[in-house]
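Just so we're aligned, residue 1 is where the sequence shown starts under UniProt numbering, counting upward by one. Here a beta-carbon is modelled for each residue, glycine too, at the ideal position from N, C-alpha and C. Just so we're clear, the structure is a prediction, and the values are computed from it rather than from any experiment.
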Amino acid sequence: MKKLLKGEYFGNHYNKNQFDDLLITDTKYTHAKVDWHYHENPYFTYLLQGKLYEENKKENYYLKSGSLLFHNWQDAHYNIKPDIYTRGFHIEMNTNWFDLYDIKSFDFEGSMQLKNPLIQQKMNCILLESKIKDQNSQLAINMLLVDIFNNIKTHHHNSEKQKPNWVKQLKEILHSSENNITSLSALSTILNIHPVHLSREFPKYFKTTIGNYIRTQKINKALLLIAKNKLSMTEVCYEAGFYDQSHFITSLKKIYGQTPLKISKKIGDVNLLQF
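Structure, rendered in structure tokens:
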């Protein structure tokens, strides 16, 4: 089985940044199939564009734009890519990084898919910081990663606890690609739960309010649409589920401190066409 060393991925690197014990790459995938392999270091894969099938010893994933995976160093897997343009963002950490922040990598064994939009939002912040790459970027990226690992560990701990049946049902609804439910009353009717009870209990299992959870999903979708650089900002606004451009721009600026156009210039894939 092939072992991939630091910074090795099957594709063309649009961008490769070394931050001490971190290596960050923005990659266009070029192989239709990648046979069984594993990586020297733990790393995140964030699929910005396209689709990918991945299988390891325990699970398989049909990944699309916005999918986020964490692989530990011992996780063997293989990939199949359909004949479409596919772009991935990777963050690779060596053992020194885990030691520095007192994070035990063995607490995160194997491979895991991360669907929490709050984690994805932090990954979006890292993506933007990697493009800025000023004197504060390394500190910002490290703190965001520490926060992500804390979120993963908390989520894993909570997943082992007994939860009401409606929690799993609600996750499926919120993460469905066909989800267009935005009102508390509609969700309450589907789940057969009183709106007050749902609003009060939601933060216990999702670590935020239901309004912020749905808003974060919209912002995440908007950023990925911006990264594709194929739609106008007006089209991105409505495709992501915002009712007007003013709200759309305000929401992105509140999270990322930048307008959609500035974000597009940093992460849009226009330069990838040079491959």
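Along the length of the region 150 to 226, whole beta strand (DSSP E) runs at least 3 residues long do not occur. His13 sits in a strand when the DSSP states are folded into three classes. Counting along the chain, no beta strand (DSSP E) covers Asp21, and no H or E run does either. Here the region 248 to 267 makes contact with the region 219 to 230; the two share three or more CB pairs at distances below 8 Å. Sorting Thr234, Phe10, Thr25 and His247 by C-alpha distance to the C-alpha of Ile267 places Thr25 at the top.
The continuous stretches of alpha helix (DSSP H) do not include Glu92, which lies in the beta strand (DSSP E) extending over residues Arg87 to Met93. The alpha-carbon separation between Tyr256 and Thr250 amounts to approximately 10 Å.
In the structure shown, Ser67 falls within a coil segment according to DSSP collapsed to helix, strand and coil. Contact annotation: Gly7 and Tyr29 have beta-carbon atoms that are not nearer than 7 Å. In this structure Asn60 is exposed. Its beta-carbon is surrounded by fewer than 16 other beta-carbon atoms within 10 angstroms. Closest in alpha carbon position to Phe19, among Arg215, Glu129, Ile190 and Glu201, is Glu129. CA-CA distance, Lys230 to Val236, rounds to 9 Å. By alpha-carbon distance to Phe44, the top candidate from His175, Gly66 and Asp83 is Gly66. In the same chain as Asn151, and ignoring 5 residues on each side of it, the C-beta atoms closer than 6 Å to its own belong to Ile119, in chain order. Under the three-pair Cβ rule at 8 Å, the region 37 to 57 counts as touching the region 70 to 90. Taking each of Leu5, Leu170 and Ile148 in turn and checking the Cα distance to Ile210, the smallest one comes out for Leu170.
When the five nearest sequence neighbours on each side are left out, the beta carbons in the same chain lying within less than 6 Å of the beta carbon of Ile126 are those of Ile141 and Leu144, in order along the chain. Annotated as proximal: Tyr46 and Met123, with beta-carbon spacing under 7 Å. Lys2 is bridged by DSSP to His37.
If you draw a 10 Å sphere on the C-beta of Trp166, you find 16 or more other C-beta atoms in it, and that means buried. Measuring C-alpha to C-alpha distances from Lys16 to each of Tyr101, Asn136 and Ile91 identifies Ile91 as the nearest. Assignment of Ile148 by DSSP, reduced to helix, strand and coil, places it in the helix class. Secondary structure at Ile119: helix, using DSSP grouped into helix, strand and coil. Listed as beta-bridge partners of Asn60 by DSSP are Glu55.
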